[in-house]
Amino acid sequence: MSKTLIELQALGKVYNPGQPTEVSVLKGLDLSLAHGEFAALIGPSGSGKSTLLNVLGLLERPSSGQYLLDGRAVQDLDDKALTQARQATLGFVFQFHHLLPAFTALENVCLPGLARDGHVSPALRERGRALLAAVGLASAMDRPSKQLSGGMQQRVAIARALVLEPALVLADEPTGNLDTASSDEVFALLRRMHAEVGTAFLVVTHDPRLAARCDRVIEMVDGMIASDRANAAAQP
Numbered sequence: 235m236s237k238t239l240i241e242l243q244a245l246g247k248v249y250n251p252g253q254p255t256e257v258s259v260l261k262g263l264d265l266s267l268a269h270g271e272f273a274a275l276i277g278p279s280g281s282g283k284s285t286l287l288n289v290l291g292l293l294e295r296p297s298s299g300q301y302l303l304d305g306r307a308v309q310d311l312d313d314k315a316l317t318q319a320r321q322a323t324l325g326f327v328f329q330f331h332h333l334l335p336a337f338t339a340l341e342n343v344c345l346p347g348l349a350r351d352g353h354v355s356p357a358l359r360e361r362g363r364a365l366l367a368a369v370g371l372a373s374a375m376d377r378p379s380k381q382l383s384g385g386m387q388q389r390v391a392i393a394r395a396l397v398l399e400p401a402l403v404l405a406d407e408p409t410g411n412l413d414t415a416s417s418d419e420v421f422a423l424l425r426r427m428h429a430e431v432g433t434a435f436l437v438v439t440h441d442p443r444l445a446a447r448c449d450r451v452i453e454m455v456d457g458m459i460a461s462d463r464a465n466a467a468a469q470p
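Rendered as structure tokens:
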């Protein structure tokens, strides 16, 4: 059995606690995710998916409960330790790629290393080149990202998410800003990189076609896990 990567125990998130505007968004979640999984997170708008992703990504702190990341309780870490844990363990792909338009594809891919170390090492640059080649952009790595198509820019974002060799990539609607053909292409790339690199993926999507291609489907409703099922029929 794969080792547990993430374990949430009675996790809650409340905004404006004790105020008239108090809102409970996450309501006592219990959830685990193993190393190497490829799972979808689905649910209607307002169900808490984005908040859960922010908490998992160490961008927001839970209000209650416990968050174990690779066996380590992280909910009470200080900001510096949270940043270090995020850089060591997590990668991110967003609906909007958030590339720096004047930077080349390779420079964008290497940005996480610059943020972590203050410089880009030759080894990291070489890994960035290898990842861009793996996502089909070997001939475009020295082009400014603003000259790339939307699908190509999202490929750069995937390479960037993997450059520090994270244990988990959190992907928030990674195909939501693409046409159907580009969406299918990018999702197929996520599945291929998962198979080749072994990184776990948690993909937030509203697209039932894409959720059906994940090995596990976790559904949220009203801040709670409504269902959590293996998808034996998944066709990457």
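In the working numbering, the protein residues as written are 235 to 470.
Glycine included, every Cβ here is placed at the ideal spot set by N, Cα and C.
query, result
"CA-to-CA distance, E453 to R320, given in whole angstroms", "25 angstroms"
"Close Cβ partners of N250 (< 6 angstroms) along its chain, the five nearest in sequence each way excluded", "E256"
"From T238, G352, A274, A315, residue whose alpha carbon lies closest to that of L444", "A274"
"Beta-carbon proximity list for G305, same chain, < 8 angstroms, skipping 5 on both sides", "T238"
"Segments of 4+ residues assigned as alpha helix (DSSP H) that fall wholly inside the stretch 388-420", "none"
"Residues bridged to E453 [DSSP beta-bridge criterion]", "I276, S461"
"G384 versus L242 - alpha carbon distance", "35 angstroms"
"Burial state of K247 (16 or more Cβ within 10 Å)", "buried"
"Counted within 10 angstroms of its Cβ, other Cβ atoms place S461 as buried (16 or more) or exposed", "exposed"
"P442 versus V451: straight-line alpha-carbon distance, rounded", "10 angstroms"
"Euclidean distance between Cα positions of G325 and H331", "13 angstroms"
"Nearest to N465 (by Cα), restricted to the options D449, G457, L404, G362", "D449"
"Where M235 falls, given that 16 or more other Cβ within 10 Å makes a residue buried", "Only weak support is given to the placement of M235: the predicted model assigns it a pLDDT of 41, under 50, and the value that follows is read from those uncertain coordinates. Exposed is the call here."
"Chain-order list of residues whose beta-carbon lies under 7 angstroms from that of I392 (same chain, five-residue window excluded)", "V327, V369, L423, L424, M427"
"For Q381, the three-state DSSP class (helix, strand or coil)", "helix"
"Proximity to D406 [Cα-Cα], best of S284, A268, L245, G277", "S284"
"Where the alpha helix (DSSP H) through E341 begins and ends", "339-343"
"6 angstroms CB neighbourhood of G362 in its chain, flanking five on each side removed", "L340, V343, C344, V397"
"Coil, strand or helix - A429 by DSSP", "helix"
"Contact set for A322: own chain, Cβ-Cβ below 6 angstroms, skip 5 residues either direction", "none"
"First and last residue of the uninterrupted alpha helix (DSSP H) at T317", "313-323"
"Euclidean distance between Cα positions of D456 and V259", "7 angstroms"
"Terminal residues of the beta strand (DSSP E) in which V437 lies", "434-438"
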